[in-house]
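K.L.:
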Amino acid sequence: MAGVFDLELNETNAKDDYSDEDSIDVDDQEITEPDMSAILEDADMEKIQLNEHTVNMGKEKTGPQDFELLKVLGRGGYGKVFQVRKISGKESGKIFAMKVLKKATLCRSQKDTAHTKAERSILESVKHPFIVDLIYAFQTGNKLYLILEYLSGGELFMHLEREGIFLEDTACFYLSEIVLALEHLHRGGIIYRDLKPENILLDSKGHIKLTDFGLCKETLNNDKITHTFCGTIEYMAPEILTRTGHARGVDWWSLGALMYDMLVGHPPFSAESRRKTIEKILKGKLILPPYLTPDAKDLIRKLLQRKPQLRLCSNTEDAEPIRRHPFFSNVNWDDVLAKRCEPPIKPMLTSEEDTSLFDTRFTGQPPIDSPDESSISESFNRSFLGFTYVAPSLLDEAHKFPNHSSRSPRKNTFSSSIPANSQSLPFLSETVEQMDITNTPPSTASVNGQQQSASAIGNGDSIAPTLRSPSLPVKQMRKIHI
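By the UniProt record's numbering, the letter at position 440 of the sequence shown is numbered 440, and the numbering carries on one by one without gaps.
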């Protein structure tokens, strides 16, 4: 911290060779007051309006009141996901997805609290073409809000439901983008642990984005082991189920299960109950349909190795063996990363607000951010200090001052070693927050352009099981995880 205060200040007796062209030498004589009217009417006088854009600009304060609720995109035990439009400040008029989490529900479990904080932290630190962007994060007294980019192409799950199975070329396109996303996470010491069709969304052009980072494990180095039991069971690696410890190789098992699901129409190991599904994952025989190509069969077998040390990509090379596998022989990985490959499924959208590719059981519900009067302890609220976030691109834009020409340039007496912005020395701008809680109650949030008094809505309708898997208890939880 000493370096922060090591400023090069001019000494009081230091002499400059600098002269101001507008300076006036004054003798011991009476000075008449200048004619201000004449000065103000001078054609060379520059007029600057004093307002919040030119004086004491600070970072944009964002809260629920800045968003108009348009549609419900999903809901679960912890809250809802809305489609929203920003109605004030930077990005006004733009469509986003707003994830709303109830603190009262989260505080019942330390694990759930940790997952929420991990998701917020990871979304801030990870930026990649195939990972969803976090735009804002803020909180009220009883809720947490994550504002994410809106991905209008819908879930890969829904497209897979419609198609039944994918052709190998189609699967190859999506798998290649997923491989690059997982590789990027692993390089940052993050295990995703929740890869499944529901957590893969398509943007308006048809490229994928990974979402829902609540189950990620961060700051893992190479093959460091963790023992947390988490993830969707049908895509879960055996070492997670047996609690023998797991590393990033679990994501490659899930990739193999997802690849099988795309090409065959259901996960490789599933049954009518959770217990029997676990038994199949641990001991069941892998059955590969004869219509799969030899390369597809080989890759699935190598990814679905029950012993992590034998699994493809479980060594220090991570994703490299997958990149080199014959199944991806026609893939130009640079083109994949640059999104130069033509998506096999192009979402048919009528507007930026189009929600036709989301489940109508959610989009047909009234978009109401229901009030929550639950009592939250001060200690629990303190656990979310620092939750607030604004994307750096918006901060940079907000701190650009207008370029006014100066009639008399002033000497800069500060050392060039002082950081030019908050990004180069973030702790200067990140003062200790007592609580960044917006005063506007959620019950008066703008809904479809009008102020609504929100009536309470139940904690969620039960979701019917899908036809793609007989594992009913699992599928009832698969549709939306927030």
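No residue lacks a Cβ here, since even glycine has one placed at the ideal position from N, Cα and C.
Everything numeric in this text was worked out from a predicted model, so none of it was measured.
1) Residue range of the alpha helix (DSSP H) that residue 97 falls in?
2) Would you tell me roughly how many angstroms separate the C-alpha atoms of residue 119 and residue 387, rounded to the nearest one?
3) Excluding the 5 residues flanking residue 288 on each side, which residues of the same chain have their C-beta closer than 6 angstroms to its C-beta?
4) Between residue 174 and residue 208, what straight-line distance do the alpha-carbon atoms span, to the nearest angstrom?
5) Determine the contact status of residue 319 and residue 182, defining contact as a CB-CB distance below 8 angstroms.
6) Check whether the Cβ atoms of residue 337 and residue 129 lie closer than 8 angstroms to each other.
7) In this structure, does DSSP put residue 272 in helix, strand or coil?
8) Per DSSP, residue 286 is paired with what?
9) By how many angstroms is the C-alpha of residue 132 removed from the C-alpha of residue 93?
10) Mind checking residue 42: buried by the 16 CB within 10 Å criterion, or exposed?
11) Grouping DSSP H, G and I as helix and E and B as strand, with all else coil, what is residue 378?
12) Do you know offhand how far residue 158's Cα is from residue 362's?
13) With contact counted as at least three CB pairs below 8 angstroms, one residue from each stretch, are the region 71-88 and the region 357-377 in contact?
14) Alpha carbon to alpha carbon, what distance is there between residue 210 and residue 148?
15) Residue 138: buried (16+ other C-beta within 10 angstroms of its C-beta) or exposed?
16) Express the C-alpha separation of residue 136 and residue 61 in angstroms, rounding to a whole number.
17) Is residue 368 buried or exposed, if buried means 16 or more other CB atoms sit within 10 Å of its CB?
18) Please list the terminal residues of the continuous alpha helix (DSSP H) segment that includes residue 256.
19) How many Å lie between residue 212 and residue 199 at the Cα?
20) Extract the residue ranges of the beta strand (DSSP E) inside the region 116-197, only unbroken runs of 3 or more that lie entirely within it.
21) For the UniProt domain "AGC-kinase C-terminal" (329-399), list the alpha helix (DSSP H) runs that are entirely contained and at least 4 residues long, ordered along the chain.
22) Is it a yes or a no for the region 155-172 touching the region 80-94, going by three-plus beta-carbon pairs under 8 angstroms?
23) Under DSSP, the alpha helix (DSSP H) around residue 41 begins and ends at which residues?
24) Would you say residue 278 and residue 233 are within 8 angstroms of each other, going by their C-beta atoms?
25) Between residue 389 and residue 140, what straight-line distance do the alpha-carbon atoms span, to the nearest angstrom?
26) Please classify residue 410 as buried or exposed, where buried requires at least 16 other C-beta atoms within 10 Å of its C-beta.
27) Whole angstroms are fine: how far does the CA of residue 82 sit from the CA of residue 38?
28) Going by C-alpha to C-alpha distance, which of 126, 176, 127, 353 sits closest to residue 333?
29) Where do the N-terminal and C-terminal ends of the alpha helix (DSSP H) with residue 302 fall, by residue?
30) Inspect the beta-carbon positions of residue 206 and residue 346 and report whether they are closer than 8 angstroms.
31) With a threshold of 6 angstroms on Cβ separation, who are the neighbours of residue 170 within its own chain once the five nearest residues in sequence on each side are excluded?
32) Mapping DSSP to helix, strand and coil, what is residue 68?
33) Have a look at the DSSP bridge pairing and note the partners of residue 75.
34) So, helix, strand or coil for residue 208, using DSSP?
35) Take the Cβ of residue 239 as the centre, count every other Cβ of all protein chains shown within 10 Å, and call the residue buried at 16 or more, exposed below.
P.N.:
Well, looking at it:
1) The continuous stretches of alpha helix (DSSP H) do not include residue 97, which lies in the beta strand (DSSP E) extending over residues 95-102.
2) Their backbone Cα atoms lie some 11 angstroms apart in a straight line.
3) Around residue 288: 297.
4) Using only the alpha carbons, I get a separation of about 7 angstroms.
5) Yes; because the gap between Cβ atoms is below 8 angstroms, this pair is in contact.
6) For the 8 angstroms CB-CB criterion, residue 337 and residue 129 form a contact.
7) Coil.
8) Paired residues: none, contrary to the question.
9) If you draw a straight line from the Cα of residue 93 to the Cα of residue 132, it comes to about 20 angstroms.
10) Residue 42 sits exposed, since fewer than 16 C-beta atoms from the chains shown fall within 10 Å of its C-beta.
11) Residue 378 falls in the helix class under three-state DSSP.
12) Cα atoms of residue 158 and residue 362: separation of roughly 14 angstroms, rounded to the nearest angstrom.
13) Touching, yes, given that three or more Cβ pairs across the two stretches are closer than 8 angstroms.
14) Using only the alpha carbons, I get a separation of about 12 angstroms.
15) Residue 138 is classed as buried because its beta carbon has at least 16 other beta carbons within 10 Å across all chains shown.
16) In this model, residue 61 and residue 136 are separated by some 10 angstroms (Cα to Cα).
17) Counting Cβ neighbours within 10 Å, residue 368 comes out buried, since at least 16 surround it.
18) Its alpha helix (DSSP H) spans residues 249-264.
19) About 6 angstroms.
20) Fully enclosed beta strand (DSSP E) runs of no fewer than 3 residues occupy 134-139, 143-149 of the region 116-197, in order along the chain.
21) Taking only runs of at least 4 residues, the alpha helix (DSSP H) segments lying wholly in the UniProt domain "AGC-kinase C-terminal" (329-399) are 333-337, 360-363, 378-382, 392-398.
22) Of all C-beta pairs linking the region 155-172 to the region 80-94, fewer than three are shorter than 8 angstroms, placing the two stretches out of contact.
23) Per DSSP, the unbroken alpha helix (DSSP H) holding residue 41 starts and ends at 36-41.
24) In terms of Cβ geometry, residue 278 and residue 233 form a close pair [threshold 8 angstroms].
25) Whole-angstrom Cα-Cα distance: 14 angstroms.
26) Caution applies to residue 410, whose pLDDT of 39 falls short of 50 and renders its modelled position unreliable; the model cannot decide the point.
27) Each residue's Cα considered, the two are about 57 angstroms apart.
28) If you compare the alpha carbons of 126, 176, 127, 353 with that of residue 333, the shortest gap goes to 176.
29) The continuous alpha helix (DSSP H) containing residue 302 extends over residues 294-303.
30) Closer than 8 angstroms, so yes.
31) Setting aside the 5 residues that flank it on each side, residue 170 is surrounded in the same chain by 344, each with a C-beta closer than 6 angstroms to its C-beta; the list follows chain order.
32) Three-state result, residue 68: strand.
33) Residue pairing by DSSP places residue 75 opposite 80 in a beta bridge.
34) DSSP places residue 208 in strand when its eight states are reduced to three.
35) By the neighbour-count rule (16 or more Cβ atoms within 10 Å), residue 239 is buried.
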